[in-house]
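To start, the structure itself, in C-alpha cells.
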Amino acid sequence: MSASVSDVLIVGGGLVGLATADAALRRGLSVTVLERERFGARASWAGAGMLNNRPWPRTQDPDYHDLMRASLRLHEEWAERLRKETEIDPGHVVCGALEIFVAGDPQAAEQSARLLEGAAERGVRAERVGRDRIRELEPQVELSAIDHALLYPDDGQVRNPRLAKALIASCRQRGARMLEAAEVADLALEGARAVGAVTSDGRRFEAKQVVVCAGAWTGTFKELAQRVPRIQRIEPVRGQLVCYQTEPGMLTRLLTAEHRYLVPRPDGLLLVGSTMERVGFDTTTTPEGQAELRAFAERWLPALVDREPVQGWADVRPGLKGSHPIMGPVPGMTGLFVAAGHFRNGIGLAPLTGEVLAALLAGQKPPIPIEPWLPRAAQD
Ligand SMILES: Cc1cc2nc3c(=O)[nH]c(=O)nc-3n(C[C@H](O)[C@H](O)[C@H](O)COP(=O)(O)OP(=O)(O)OC[C@H]3O[C@@H](n4cnc5c(N)ncnc54)[C@H](O)[C@@H]3O)c2cc1C
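Count along the sequence shown from 1, then add 38; that gives the number in the working numbering.
The structure is reproduced here in C-alpha cells:
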C-alpha cells in the first residue's frame, strides 16, 4: 500500500464521524474524513444539544442508559480539552433539568416512581419536587397544569454547532485529512475486505479500515444493509425546532414535558423542540409543526406569548427503533465498521461512540462492553 493510504477512512462528518476521527487521532492513527456536504451541518447542527439521562430500571447489563451515562461523563472533559486545543468553547454547561408530569396523567405516578428507581439504581441524582419548589427553581414556569416534576441536577447541554466546529479544528490541527463536498458513492472492497471508498466524482481514497458514520443515510450503503439487516431499519425522522431570543435567565434548566422540551442557552437563546415526523428526507419546516412548538413554549413559559421566534429549522435524525445505535465491525467483512442509528441522543452518545470505534480500530478493548450494540448478520 502507498504512503497516502490512511489508517482509517471515515464516511460522514457529523458528530459521530468527527468524534471517531478525534478518538482515532488520539490513538496515533492517520485519518481521512469524507463528508458529502459540510462537516457537522446536518442532524449534528440541528439538534438541541441536550445531555440528559433519564434511566429506567435496568433490564440487561449493560443497557442503553449505561451507554448514555458513560458517554455523558465524557462530555465535560471533551469540551475542556477541545477549548484548550482550539479556543472554540463548545458551551458545555451542567444546567440541570426538570421533567414535568402533568396533573391528570394516569401514568404519571408510576412513570415517575420507575424513573426514580432507575436513577437510584445507577447513581444518577434525581429528586421529586412539587409546585412550590418548582416556583423557587424556575419562577417563570406556568404551574397550574403541573402535578409534580423530577429534578435532575446533573443534566446538561452543549452548543452542538460549536462542538462540531471545535472537533473539526482540532482534527485538522492534528493532521486529519478532512474533505467536504466529497460524497461517497461506493465503498471500495476487495473480496470481503474494505480498502477505501470512491466518491461520486470518481476519486478513490485508500485506507486500511473504513468506518461508515452516515447518520440517516447509512442504510443507503448496500454492502452494509445487506450484511446487517438492522441497518435497513435506520430511517430519517424529521425534527423541527423553533428558537426565541429571551432575556438570559428566563429559564435556567432544561424543561421536558409530554415528549417536548425547552432548552435555555445561558445567553438567552431558547430552543423549543421537537417534532417526530416520518416524511423521508424532507427537511422543510411546516406551519403546523412550528405552531405546535410555539404553543408548547407559550404553555409552559407564558412570558413568550406575543413574542416571535427568531428562527425555525428542521433536519432528519438517524431513527432506529428502541433508540439503540449500532456500532462495531460489520460481520463477514475485514476492515469495515459502522456507527449509526443514534436517533434522538447522538450528541450525547458521540464521545463514547468515538472511543468505542477508535479502540476497535486500534485493536484495543472498548471502554465498555458493546455486545448489545454490535452489528449482527442476517442469520443472528
Ligand atoms: C431536531 C433535533 C433535535 C435533536 N436534539 C438532540 C439533543 O438534544 N440531544 C442529543 O443527544 N441528540 C439530539 N438529536 C439527535 C442528534 O442530532 C443525532 O442523533 C446526531 O447528530 C447524529 O449524528 P450523526 O453524525 O450520526 O448524523 P449527522 O449529523 O446527520 O451526520 C451524518 C453525516 O453523514 C453525511 N453523509 C451522508 N451520506 C454520505 C455519503 N454518501 N458520503 C459522505 N457523507 C455522507 C451527511 O452529509 C452528514 O453530515 C436531535 C436531532 C434533531 C434533528
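Yeah, the Cβ is synthetic: ideal placement off N, Cα and C, and Gly gets one too. Note that the coordinates shown come from a computational prediction; the quantities given were computed from them, not determined experimentally.
For GLY357, the enclosing beta strand (DSSP E) stretches over residues 349 to 357. For LEU227, the enclosing beta strand (DSSP E) covers residues 222 to 228. Between ALA141 and HIS297, the alpha-carbon positions lie close to 15 Å from each other.
A Cβ-Cβ contact shorter than 9 Å links LEU153 with ALA164. Going by C-alpha positions, ARG197 is about 11 Å away from VAL301.
In this structure, DSSP gives LEU89 an extended state, which the three-state scheme calls strand.
Counting only residues of its own chain and dropping the five nearest sequence neighbours on each side, GLU155 has a CB closer than 7 Å to the CB of PRO95. Where ARG111 is concerned, the enclosing alpha helix (DSSP H) starts and stops at 102 to 124. Secondary structure at CYS281: strand, using DSSP grouped into helix, strand and coil.
Annotated three-state conformation of ASP45 is strand, per DSSP. If one requires a minimum length of 3 residues, the beta strand (DSSP E) runs lying completely within the region 234 to 319 are 242 to 250, 273 to 283, 292 to 295, 298 to 302 and 307 to 311, in chain order. Each of GLU159, GLU114 and ALA254 was checked against the Cα of VAL317, and the nearest Cα belongs to ALA254. For THR124, same chain residues with a beta-carbon under 6 Å away, outside a window of 5 residues either side, are ALA204, ALA207 and SER208 in chain order. Here ALA141 is not bridged, per DSSP, to any residue. Contact between ARG265 and VAL368 holds: CB atoms are separated by about 6 Å, below the 8 Å threshold.
Secondary-structure assignment with DSSP links GLU165 through a beta bridge to LEU189.
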